[in-house]
Amino acid sequence: MTLPTHVPVLIAGGGPVGLTLSALLSAQGISNLVIEADEAYCSGSRAICMSRRSQEILGWVGADKALVE
Numbered sequence: 000m001t002l003p004t005h006v007p008v009l010i011a012g013g014g015p016v017g018l019t020l021s022a023l024l025s026a027q028g029i030s031n032l033v034i035e036a037d038e039a040y041c042s043g044s045r046a047i048c049m050s051r052r053s054q055e056i057l058g059w060v061g062a063d064k065a066l067v068e
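First residue of the sequence shown: 0, per numbering that gives the first Met the number 0; consecutive thereafter.
Printed below as a string of structure tokens:
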């Protein structure tokens, strides 16, 4: 895989914060690239709870709907 030589925003880390930031930037039309060092795919979550503020932020990009399903 060849990475671009220039991106407006480079996000280091594909965890919850990095992916949320990417979604928020994308919703505003800002191109970004998330890079993650771990090659493994995580299919589950280690979170046992989520704050109301975190749910509100996820709601800004519509990602809160999956939490209630």
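All residues carry an ideal CB built from backbone N, CA and C; glycine is no exception.
In the DSSP assignment, Ala11 is bridged to Ile34. Taking the Cβ atoms as the reference, Asn31 lies roughly 13 Å from Val60, outside the contact range of under 8 Å. With contact defined as three or more Cβ pairs closer than 8 Å, the region 38-48 and the region 20-30 are not in contact.
Annotation: the continuous alpha helix (DSSP H) that includes Gln54 extends over 51-58.
DSSP places Leu2 in no alpha helix (DSSP H); its state is neither H nor E.
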